[in-house]
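Protein chains in written order, with the working numbering: chain D, 22 to 230; chain B, 36 to 259.
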């Protein structure tokens, strides 16, 4: 005789289980109900999406990094207290209210993670990439940062220490990657092109010119 | 004693898969899920700590199998019902039943840019004086749990519980998530970046000089 397991059910007591299980339909159903209710405006949703698809992204952070490479007073102010400095450039906002910039050196490489969810400096880097939100990145980075770096094709010099910053509060960390060799005299705009998103999370290095 | 979201240092996950810089979403419904969630935040029914706790309170089975934005949208539905903005009947039928008294709080298209640019700072004046200075040794509390609310929200990751670290910097006083997630007030207190030696956290640290820095509120910490 075969009996079902006593708790082998697919629904629990959370209200979300009342919505369709297919995620695309789940979102659609919620959007429909909320729109009918007058609680959301579909045009406002389009505006939010346009903001993060087209206006706020990692070129903002690259601008900050390139300026820090080019201007020692700016760099010093950024490392001392980043909030007024990035605000001055217009990069303040949601999920970037408290920014701390950490600088890679010959001695220390910095990496940023959020093990508890997916905290990330949105006004500087946009919304986080899929891998930043993945279980693998959240679980592994604190314990084996070099193995995670290897997944990105990055190998650090043997004597370099790694500092992993776990974003457990509302402070958001921006890594200032090392300025590549052979970039003396390059303009801020040209330097920006060398600053990758991954390098500002600490999962990559700035590109060689 | 922990929840499934507290996965730092867990073994068994596979490789991290890099992706090109231009990829923001992986499914057509992802941006809608993001936007619906942000727009509902403007209704003022919850704060960021309540919404994080709602995601963490998904059943472990759901948390593990849901993709990122599925967690968002599911926790959103749970909060909307819990706060009375929608009813279970509305979720089940897929149709609104009756009007809402929150219509005046709807995020208008014209207000989006201002709301996103304004953000929601978490620093507050506090009458809790900082107990520690840069360089002080501190011990994270042994239980990675909310001390006041059983099963409640906390931002103390289990891998650092009970570990000794040193104060790297004071961030100022910030809203305490353990309180703010449960309608118990913002209870701001000093927030520190605390450096832990990897070799004090893991049996097999990759490098003797590696460190993990965790932001911790003063009430998470004690003297060594």
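Note that the Cβ used here is the ideal one computed from N, Cα and C, for glycine as well. Keep in mind it's a predicted model, so treat the numbers as computed, not measured.
- If you check the CB distance, residue 205(B) and residue 248(B) do not come in under 9 Å.
- With fewer than 16 other beta carbons inside 10 angstroms of its own, residue 76(D) counts as exposed.
- Around the CB of residue 182(B), fewer than 16 other CB atoms lie within 10 Å, so the residue is classed as exposed.
- Put simply, the CB of residue 189(D) is near chain B, with a gap under 9 Å to one of its CB atoms.
- In this structure, DSSP gives residue 207(D) a state outside helix and strand, which the three-state scheme calls coil.
- Residues 41, 43, 179 and 249 of the same chain have their beta carbon placed closer than 7 Å to that of residue 192(B), with the five preceding and five following residues left out of the count.
- For residue 67(B), the neighbours in chain D by C-beta distance under 8 Å run, in chain order, 48, 49, 52, 66 and 70.
- Taken in chain order, the whole alpha helix (DSSP H) runs of length 4 or more contained in the stretch 48 to 93 of chain B are 64 to 76 and 83 to 91.
- With a threshold of 16 other beta carbon atoms within 10 Å, residue 188(B) meets it and is buried.
- At a C-beta separation below 7 Å, residue 183(D) has these neighbours in chain B: 242 and 245.
- According to the DSSP secondary-structure assignment, residue 239(B) is paired through a beta bridge with no residue.
- Collapsing the DSSP output to three states places residue 42(B) in coil.
- For residue 222(B), the CB contacts under 6 Å within the same chain, skipping 5 residues up- and downstream, are 211 and 214 in chain order.
- Excluding its 5 nearest sequence neighbours in each direction, residue 177(D) has C-beta neighbours in its own chain below 6 Å: 130, listed in chain order.
- Taking a cut-off of 8 Å on C-beta distances, the stretch 190 to 210 of chain D touches the stretch 116 to 127 of chain D, as three or more cross pairs fall below it.
- Sorting 170(D), 145(D) and 164(D) by C-alpha distance to the C-alpha of residue 152(D) places 170(D) at the top.
- Using beta-carbon distances, residue 212(D) does not count as an interface residue toward chain B, since no partner is under 9 Å.
- If you ignore the 5 residues before and after residue 112(B), its C-beta comes within less than 8 Å of the C-beta of 121 and 126, all in its own chain and listed in chain order.
- Residue pairing by DSSP puts residue 224(B) in a beta bridge opposite 209(B).
- Secondary-structure assignment with DSSP links residue 131(D) through a beta bridge to 184(D).
- Identification of residues in the stretch 84 to 103 of chain D having a C-beta nearer than 9 Å to some C-beta of chain B yields an empty set.
- Put simply, the CB of residue 116(D) is near chain B, with a gap under 9 Å to one of its CB atoms.
- Taking CB atoms only, residue 119(B) has no neighbour in chain D less than 9 Å away.
- For residue 37(D), the secondary structure class from DSSP, reduced to helix, strand or coil, is helix.
- Within the DSSP bridge table, the entry for residue 202(B) names 229(B) as partners.
- For the stretch 215 to 227 of chain D, the set of residues with a beta-carbon nearer than 9 Å to any beta-carbon of chain B comprises 217, 218, 219, 224 and 225, in chain order.
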